[in-house]
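Count along the sequence shown from 1, add 593, and you get the number used in my numbering. Note that the Cβ used here is the ideal one computed from N, Cα and C, for glycine as well. Nothing here was measured: the structure is a model prediction, and the numbers come from that model. Accompanying notes for the structure given below.
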Amino acid sequence: MPEAGDRPAPTAAEPGARPGEVARAALRAAVAARREGEAGEAAPEEADAAPAEPTDPDEPTAPADPQPAPTSSRPGDAAREALRAARREERRPRKTTPRPAPAPAEGRSAHTQVARDMRNFLSTAFRMPDLADDPEAEAQPRADTPEPPTEHAPTPPAPSTTPTRTPEHPAPPHHPSSMATPHRDNELRRTFPPFAPRPEPQDFATTWWGQAWVDALENTALDANRLARGRGYADAGHVDAITVTPGLVLAYVRGSRPRPYRVQLRLRTLVEDDWERLLEAAVDSPADIAALLDKELPHTLADRGVPLLPGPGDLIPQCSCPDSGRPCKHAAALCYQTARLLDADPFVLLLLRGRGERELLDALSRRSAASAARAARERGPAALPGVR
Numbered sequence: 594m595p596e597a598g599d600r601p602a603p604t605a606a607e608p609g610a611r612p613g614e615v616a617r618a619a620l621r622a623a624v625a626a627r628r629e630g631e632a633g634e635a636a637p638e639e640a641d642a643a644p645a646e647p648t649d650p651d652e653p654t655a656p657a658d659p660q661p662a663p664t665s666s667r668p669g670d671a672a673r674e675a676l677r678a679a680r681r682e683e684r685r686p687r688k689t690t691p692r693p694a695p696a697p698a699e700g701r702s703a704h705t706q707v708a709r710d711m712r713n714f715l716s717t718a719f720r721m722p723d724l725a726d727d728p729e730a731e732a733q734p735r736a737d738t739p740e741p742p743t744e745h746a747p748t749p750p751a752p753s754t755t756p757t758r759t760p761e762h763p764a765p766p767h768h769p770s771s772m773a774t775p776h777r778d779n780e781l782r783r784t785f786p787p788f789a790p791r792p793e794p795q796d797f798a799t800t801w802w803g804q805a806w807v808d809a810l811e812n813t814a815l816d817a818n819r820l821a822r823g824r825g826y827a828d829a830g831h832v833d834a835i836t837v838t839p840g841l842v843l844a845y846v847r848g849s850r851p852r853p854y855r856v857q858l859r860l861r862t863l864v865e866d867d868w869e870r871l872l873e874a875a876v877d878s879p880a881d882i883a884a885l886l887d888k889e890l891p892h893t894l895a896d897r898g899v900p901l902l903p904g905p906g907d908l909i910p911q912c913s914c915p916d917s918g919r920p921c922k923h924a925a926a927l928c929y930q931t932a933r934l935l936d937a938d939p940f941v942l943l944l945l946r947g948r949g950e951r952e953l954l955d956a957l958s959r960r961s962a963a964s965a966a967r968a969a970r971e972r973g974p975a976a977l978p979g980v981r
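Below is the structure:
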């Protein structure tokens, strides 16, 4: 009686085949197919001549082109058919597609040389031509090459090998943009551009009314050092654009901190009665009106009993800095620069007192015309020549 290991594998046609036997037969066939593949790689000529023999003598040889088994409803038959189909699909490409023979050394070296030449060609295909590649280009001068000197042209000096040291100039100081708003100016609001720095200290007032403004500041100052520092700020150009309105001078002054300080100078405006006396005095003296039109303030106009110029204590400074001095150095700087404005235009002083330039000129013109008409009526009509 044969043993279990020597028993032949049942086929799909046997009705008494068990699923376990079918699975074992399929595994044996797969092992045999793998061994046949290894033997075919070792000896390709023998594999092409004859099919590989199974290594196990007890295992039956699978047919070259097995026919599909009859359809069965048993699970073992379905598993066996699936394993056989997988084995056929695995063995079919190995038999039909032989491995190519290794190329000879000469052919491989020739192929490598061709590939290397192609890479070299592609690497230089898009390179701009140099003078070394084009011998004709050497005869033509390049655009950026200087032309050789002619007979009449002077020979340029030879470049010096001694390194020259470029002088280092200090960068100009950076001034922040102005914080003034000149676009809001009108008849009673004037904005003046900032004064440029002065290389040497000079007098801030050159007229008698400008000096009277400076005296009103210095005569009431409690600390001369703050005044000196204020003059230094004014000379250095730390005072921004100055805005003048009735009773107020406003500007931003740069100090030791990056953000400038807001500085104000307040002055009492004239009442209506004071303006009436001042205008009547100017109408009575046409020379005073002519002096005002020439940007000058006559003494006779300031001596009519109207407090036109500030006196001691009339200037009230106010600053956003933490200094409690009166005035602080920032307010002193603004006061000195305002004196320069008064020197250039005395109508700035009249605006501080409450009236604009156009309003004053219109009032003077009307009063002058009325005064001339009144004087003409008082004189009566002039006698005609030849009539008694």
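Can you tell me whether residue i is buried or exposed, with buried defined as 16 or more other CB within 10 angstroms of its CB?
i: residue 967; result: exposed
i: residue 801; result: exposed
i: residue 685; result: exposed
i: residue 799; result: exposed
i: residue 972; result: exposed
i: residue 922; result: buried
i: residue 930; result: buried
i: residue 629; result: buried
i: residue 622; result: buried
i: residue 619; result: buried
i: residue 805; result: buried
i: residue 791; result: exposed
i: residue 712; result: exposed
i: residue 728; result: For residue 728, the pLDDT reaches just 46, beneath the cut-off of 50, and the residue's location in the model is therefore unreliable, although a value from the coordinates is still provided. By the 10 Å Cβ count, residue 728 comes out exposed.
Cα separation between residue i and residue j?
i: residue 897; j: residue 874; result: 7 angstroms
i: residue 913; j: residue 842; result: 14 angstroms
i: residue 793; j: residue 890; result: 28 angstroms
i: residue 951; j: residue 957; result: 10 angstroms
i: residue 895; j: residue 904; result: 13 angstroms
i: residue 835; j: residue 880; result: 31 angstroms
i: residue 851; j: residue 845; result: 12 angstroms
i: residue 970; j: residue 807; result: 47 angstroms
i: residue 626; j: residue 617; result: 14 angstroms
i: residue 824; j: residue 774; result: 25 angstroms
i: residue 854; j: residue 963; result: 49 angstroms
i: residue 797; j: residue 955; result: 31 angstroms
i: residue 908; j: residue 857; result: 10 angstroms
i: residue 863; j: residue 941; result: 14 angstroms
i: residue 934; j: residue 927; result: 11 angstroms
i: residue 682; j: residue 675; result: 11 angstroms
i: residue 833; j: residue 888; result: 24 angstroms
i: residue 849; j: residue 867; result: 42 angstroms
i: residue 900; j: residue 826; result: 30 angstroms
i: residue 819; j: residue 920; result: 8 angstroms
i: residue 795; j: residue 817; result: 17 angstroms
i: residue 679; j: residue 667; result: 19 angstroms
i: residue 916; j: residue 821; result: 15 angstroms
i: residue 704; j: residue 710; result: 10 angstroms
i: residue 812; j: residue 865; result: 29 angstroms
i: residue 702; j: residue 708; result: 10 angstroms
i: residue 716; j: residue 673; result: 60 angstroms
For residue i, which of the options has the nearest alpha-carbon?
i: residue 886; options: 853, 900 and 953; result: 953
i: residue 872; options: 960, 965 and 908; result: 960
i: residue 544; options: 950, 626, 671 and 622; result: One cannot answer for residue 544 here, as it falls past the ends of the chain, which runs 594 to 981.
i: residue 878; options: 893, 868 and 867; result: 893
i: residue 555; options: 905, 830, 866 and 799; result: Not covered by the structure: residue 555. The range shown for the chain is 594 to 981.
i: residue 847; options: 925, 908 and 708; result: 925
i: residue 949; options: 782, 922 and 907; result: 782
i: residue 945; options: 629, 784 and 702; result: 784
i: residue 918; options: 788, 814 and 833; result: 814
i: residue 777; options: 837, 833 and 828; result: 837
i: residue 828; options: 788, 621, 942 and 955; result: 788
i: residue 937; options: 707, 803 and 681; result: 803
i: residue 780; options: 805, 797, 624 and 839; result: 839
i: residue 869; options: 613, 947 and 705; result: 947
i: residue 883; options: 849, 939, 911 and 832; result: 939
i: residue 932; options: 809, 920, 620 and 867; result: 809
i: residue 910; options: 704, 707 and 860; result: 860
i: residue 983; options: 614, 707 and 965; result: Limits of the chain in this structure are 594 at one end and 981 at the other, which puts residue 983 out of reach.
i: residue 669; options: 711, 614 and 702; result: 614
i: residue 943; options: 715, 677 and 902; result: 902
i: residue 677; options: 978, 906 and 624; result: 624
Note the first and the last residue of the continuous alpha helix (DSSP H) segment covering residue i.
i: residue 940; result: 940-945
i: residue 893; result: 892-895
Residue range of the beta strand (DSSP E) that residue i falls in?
i: residue 783; result: 783-785
Q. What are the complete alpha helix (DSSP H) segments, minimum 4 residues, inside the segment 792-860?
A. 801-811 and 817-828
(Q) Ignoring anything shorter than 3 residues, give me the beta strand (DSSP E) runs that lie fully in the segment 861-945, in order along the chain. (A) 909-912
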